[in-house]
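Visitor: Under numbering that gives the first Met the number 0, residues 0 to 226 are what the sequence shown spells out, in order.
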Amino acid sequence: MATRQDNRAADSDTRTRLLKAALTVFSRRDFDAASVRDIVQLAGANVSAVSYHFGGKEGLYLATAEFLADTLLQRMNPMLAQIQSEGAGADPVTAEILLRRLIHGLLDTLLSDGIGDDAAGFVLREQHQPTAAFDILYQRLMLPMQQGFARLVARIDPTLDDTSRRGILITHALIGQVLAFRMARSTVLRRLGQHAFSATDVTQIAAIISDLTHDALQHDNHRKPSI
Numbered sequence: 000m001a002t003r004q005d006n007r008a009a010d011s012d013t014r015t016r017l018l019k020a021a022l023t024v025f026s027r028r029d030f031d032a033a034s035v036r037d038i039v040q041l042a043g044a045n046v047s048a049v050s051y052h053f054g055g056k057e058g059l060y061l062a063t064a065e066f067l068a069d070t071l072l073q074r075m076n077p078m079l080a081q082i083q084s085e086g087a088g089a090d091p092v093t094a095e096i097l098l099r100r101l102i103h104g105l106l107d108t109l110l111s112d113g114i115g116d117d118a119a120g121f122v123l124r125e126q127h128q129p130t131a132a133f134d135i136l137y138q139r140l141m142l143p144m145q146q147g148f149a150r151l152v153a154r155i156d157p158t159l160d161d162t163s164r165r166g167i168l169i170t171h172a173l174i175g176q177v178l179a180f181r182m183a184r185s186t187v188l189r190r191l192g193q194h195a196f197s198a199t200d201v202t203q204i205a206a207i208i209s210d211l212t213h214d215a216l217q218h219d220n221h222r223k224p225s226i
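In structure tokens:
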């Protein structure tokens with residue numbers, strides 16, 4: 000006879016499978032085109048489970064955004080926590096070391112992890128056509144990541160403030176270098192004659208982006224701000 004604990008574990012497992020399946024389906028089709036039936040079939044669950052756990056399709060969509068943001072941020076949290084504790088008073092050299100680690104960590108998450116394909120599709124769709132899910136992604140994932148990068152950038156280049164307009168734009172340009180390898184992955188892999196990125200590739204790409212960022216911040220540190 001199943002215990003209450005067994006039932007709770009089964010409910011949790013079903014909910015997680017639905018969220019993973021929903022992320023896959025919603026990453027490939029917009030909200031209207033995505034079918035609840037396809038989601039539950041992929042999850043190996045009953046249609047009624049969507050209403051039970053999420054109240055309906057819209058609730059599932061928003062919960063998927065929360066699941067994605069929390070999953071990705073959880074993997075970056077150790078580094079972000081280190082930045083929070085060490086980055087604020089770090090000297091430029093230490094800040095750059097932390098920034099290089101953060102760049103590598105984000106690349107590794109986006110390029111090497113299985114959730115990367117579905118995450119990219121879901122986030123890109125929300126960037127192009129924002130819904131209420133974008134607010135969730137922004138507050139739970141994008142803003143903490145932006146703030147983490149910005150704090151380090153401001154420590155490396157003392158002419159910048161991490162909340163200033165220029166600081167925000169430079170930080171966005173930096174993160175954009177990372178995202179380019181995720182969003183345009185097929186192009187660079189075709190040019191390299193590969194089907195996937197290896198751990199060595201991730202390390203090399205991270206070093207290239209870090210070096211470019213170092214040079215850009217050194218140049219910015221010696222120019223007269225125009226923004």
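Don't be surprised by glycine CBs; every beta carbon is placed ideally from N, CA and C.
Specify whether the stretch 192 to 199 and the stretch 77 to 91 touch according to this definition: at least 3 beta carbon pairs, one from each stretch, less than 8 Å apart.
Guide: No, the stretch 192 to 199 does not touch the stretch 77 to 91.
Visitor: Please confirm whether Ala149 and Thr130 have their CB atoms less than 7 Å apart.
Guide: No, these two residues do not count as a Cβ contact at 7 Å.
Visitor: Where do the N-terminal and C-terminal ends of the alpha helix (DSSP H) with Arg164 fall, by residue?
Guide: Note, Arg164: alpha helix (DSSP H), 164 to 182.
Visitor: Please go through the same chain and pick out, in chain order, the residues whose beta-carbon is closer than 6 Å to the beta-carbon of Ser209, but skip the five residues on each side of it.
Guide: Closer than 6 Å at Cβ, skipping near neighbours: Arg99, Ile102.
Visitor: Which residues in the same chain as Ile38 place their Cβ atom closer than 6 Å to its Cβ, once the five residues preceding and following it in sequence are excluded?
Guide: Closer than 6 Å at Cβ, skipping near neighbours: Ala20, Ala21, Val24.
Visitor: Where Pro157 and Leu123 are concerned, what is the direct C-alpha to C-alpha distance, given to the nearest angstrom?
Guide: One C-alpha to the other measures close to 33 Å.
Visitor: Kindly indicate which three-state DSSP category Val201 falls into: helix, strand or coil?
Guide: Of the three classes helix, strand and coil, the one that applies to Val201 here is helix, per DSSP.
Visitor: Report yes if the C-beta distance between Thr212 and Leu173 is below 7 Å; otherwise report no.
Guide: Contact flag set, yes.
Visitor: Does the distance from the C-beta atom of Ala118 to that of Leu67 stay below 7 Å?
Guide: Yes, Cβ-Cβ distance for Ala118 and Leu67 is below 7 Å.
Visitor: What is the C-beta distance between Ile135 and Leu61, in whole angstroms, given that I count them as a contact (C-beta under 8 Å)?
Guide: About 6 Å separates the two Cβ atoms, so the contact holds.
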